[in-house]
Amino acid sequence: SQRAAALGVLFALIMLLIIYSSGSGSEVFPYSRLRGRARRPPDLKKWGVKSGYLPTCGNKSLTARCHQCVIVTSSSHLLGTRLGAAIDGAECTIRMNDAPTTGYEVDVGNKTSFRVVAHSSLYRVLKRPQEFVNKTPETIFIFWGPPAKMQKSLLKIIQRVSASFPNMTAYVVSPGRMKQFDDLFRGETGKDREKSRSWLSTGWFTMVIAVELCDTVHVYGMVPPNYC
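Going left to right, the sequence shown walks through residues -25 to -1, 1 to 203 as mature numbering (1 follows the signal peptide of the UniProt record, and there is no 0) numbers them.
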């Protein structure tokens, strides 16, 4: 079906979004070996959105659903494209980390429905509330990171900021969902993330979250397969 084909394409793109592997600076993962391992992708919509994302304040579950979504990557590939109007025309727009829109609206648009933020980018986002919180108060923030960090110091910081900005809606990826992300990575690459000392990128999380929340997904700013 078209839906299964679209999911297959998305997971192929996800493979390009792993930030780095700290095991060896010169090691290159043999993506070519995966071409013959194509299989039906897992149905991520069966994961259960409500249990996967924990509200930072209150007990309101994440119930947002979108028919059509666009993911705007944090790369500079959109500069000069004048695709802002097309991006803003989508039902839901998903952005990553501290990628700004101010000054780049013509190319990247202005609307932000969801912003997926890594623990390492949390401070850069929260220290600029005028850009990331007040400018688009309808934005839903999804923070991800190691459970030990997210459940302690970082969660408290997010909660304090949320209390200062009542219109801010924020969730953190639950420990159970983080394990599912690790299992998905192992299933798609054949590598255990912890044993290989690899890290997943915000792009990986954003892609999978988009498949969960959206019926169709279009990606803007992705590098072509032959970029590297």
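Ideal Cβ positions, reconstructed from N, Cα and C, are used throughout, including at glycine.
Looking at the backbone, the Cα of residue 198 and that of residue 52 are separated by about 7 Å.
Under DSSP, residue 145 shares a beta bridge with 116. Per DSSP, residue 93 is one residue of the beta strand (DSSP E) stretching across 89 to 93. For the pair residue 127 and residue 94, the CB atoms are not nearer than the 8 Å cut-off.
In the three-state DSSP reduction, residue 108 falls in the coil class, being neither helix nor strand.
Residue pairing by DSSP places residue 43 opposite 191 in a beta bridge. DSSP places residue 70 inside the beta strand (DSSP E), whose first and last residues are 67 to 71. The residues 69, 89, 91, 117, in chain order, have a CB closer than 8 Å to that of residue 184 in the same chain once the five nearest residues on each side in sequence are set aside.
Contact annotation, residue 133 with residue 31: C-beta distance approximately 5 Å; criterion of less than 8 Å satisfied. Taking 8 Å as the upper bound for CB-CB distance, residue 64 and residue 80 are not in contact here, some 13 Å apart. Distances from the CA of residue 120 to each of 129, 194, 113 were compared; the closest alpha carbon is that of 129.
Looking only at 57, 87, 167, the smallest Cα-Cα distance to residue 74 is reached by 87. Contact between the segment 42 to 51 and the segment 146 to 166 is not established, with fewer than three Cβ pairs separated by less than 8 Å. Non-local C-beta neighbours of residue 106 in its own chain, meaning closer than 7 Å and more than five positions away in sequence, comprise 75, 77, ordered along the chain. When the Cα atoms are used, residue 29 and residue 142 turn out to be separated by approximately 17 Å.
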